[in-house]
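Q: For the sequence shown, position 20 matches number 20 in my numbering, and the numbering has no gaps at all. From the three backbone atoms N, C-alpha and C, an ideal C-beta is built for every residue, glycine too. This is the structure I want to talk about, given as structure tokens.
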Amino acid sequence: GLVLMYARSYRPGDYVRIGEVEGVVQELGMLSTRLRTPKDEYVVVPNTVATAQGVTNYSAAGRAGHPILLHSSITIGYDVPRARVESLLLDAARRLEGAPGSPAPFVLLRALNDWYVEYQVNVPLDPTRAAGLPQFYSALHAAIYDAFAEAFDAGC
1 GLVLMYARSY RPGDYVRIGE VEGVVQELGM LSTRLRTPKD EYVVVPNTVA
51 TAQGVTNYSA AGRAGHPILL HSSITIGYDV PRARVESLLL DAARRLEGAP
101 GSPAPFVLLR ALNDWYVEYQ VNVPLDPTRA AGLPQFYSAL HAAIYDAFAE
151 AFDAGC
């Protein structure tokens with residue numbers, strides 16, 4: 001507990017991932033940390049888990065003046081032009097409510113596999129909205145799905 005307190009890995013109110021648990025820090029104690037998950041479950045995580053497995057603090061980006069980057073990967077066959085896939089992913093990113101216009105969303109090509117290309121869309125998010133990450137990811141996935149469905153219904 002003392003290590004986490006003095007290292008300032010997180011503090012009450014921060015949205016964090018500790019091990020497999022994600023949520024808002026409710027309390028940081030000497031032996032454990034209490035998180036409230038997006039499903040309003042209260043989970044007590046031993047501080048030994050945090051020190052052994054590490055902590056991802058999504059709220060810390062805001063204190064440093066940086067956005068959080070939402071990201072999602074998809075795989076598409078080589079028969080679909082790269083520029084078309086990137087355009088659809090960026091269209092989907094722009095549909096996401098709550099994402100600031102700056103910096104702009106961007107697409108990375110993550111892998112060139114035998115049968116498909118792996119694309120990753122990255123969307124900046126205001127870090128003050130970190131507690132809504134699961135909902136933003138769901139909205140991003142829905143926007144990607146809709147953008148591709150509309151394009152393929154129209155004959156791409």
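1) Quick check on this structure: which residue in L133, E20, D40 and Y15 has the alpha carbon closest to the alpha carbon of L28?
2) Helix, strand or coil for A111 per DSSP?
3) May I have the straight-line CA-CA distance separating N47 from F148, to the nearest angstrom?
4) Any contact of the region 79-95 with the region 134-148, i.e. 3+ C-beta pairs under 8 Å?
5) Report the CB separation of L96 from A64 in whole angstroms; it is logged as a contact under 8 Å.
6) Are V121 and L69 touching if we call contact CB-CB under 7 Å?
7) Grab the span of the alpha helix (DSSP H) containing T56 for me, first residue to last.
8) Is DSSP giving E86 helix, strand or coil here?
9) Can you grab the Cα-Cα spacing for the pair I144 / I74, in whole Å?
10) Going along the chain, which unbroken runs of the beta strand (DSSP E) with 3 or more residues stay wholly within the region 21-86?
A: Short version:
1) Walking along the sequence shown from the start, residue 28 turns up at place 28. Comparing Cα positions, the closest option is Y15.
2) Taking the first residue of the sequence shown as position 1, residue 111 is located at position 111. In this structure, A111 counts as strand in the three-state DSSP scheme.
3) Position 47 of the sequence shown, counted from the first residue, corresponds to residue 47. Position 148 of the sequence shown, counted from the first residue, corresponds to residue 148. Approximately 43 Å, taken between the alpha carbons.
4) yes
5) Here residue 96 is taken as the residue at index 96 of the sequence shown, counted from 1. Here residue 64 is taken as the residue at index 64 of the sequence shown, counted from 1. Between A64 and L96 the Cβ distance is about 22 Å, and since that is not below 8 Å, they are no contact.
6) In the sequence shown, the residue the question calls residue 121 occupies position 121. In the sequence shown, the residue the question calls residue 69 occupies position 69. No, the pair does not count as a contact, with Cβ atoms beyond the cut-off.
7) Within the sequence shown, the letter at position 56 stands for residue 56. Looking at the DSSP string, T56 is not in any alpha helix (DSSP H); the run it does join, the beta strand (DSSP E), is V55 to N57.
8) Position 86 of the sequence shown, counted from the first residue, corresponds to residue 86. DSSP places E86 in helix when its eight states are reduced to three.
9) Position 144 of the sequence shown holds residue 144. Position 74 of the sequence shown holds residue 74. Cα to Cα, I144 sits roughly 9 Å from I74.
10) Listed in chain order, the complete beta strand (DSSP E) runs (minimum 3 residues) inside the region 21-86 are 21-28, 32-36, 42-46, 55-57 and 68-77.
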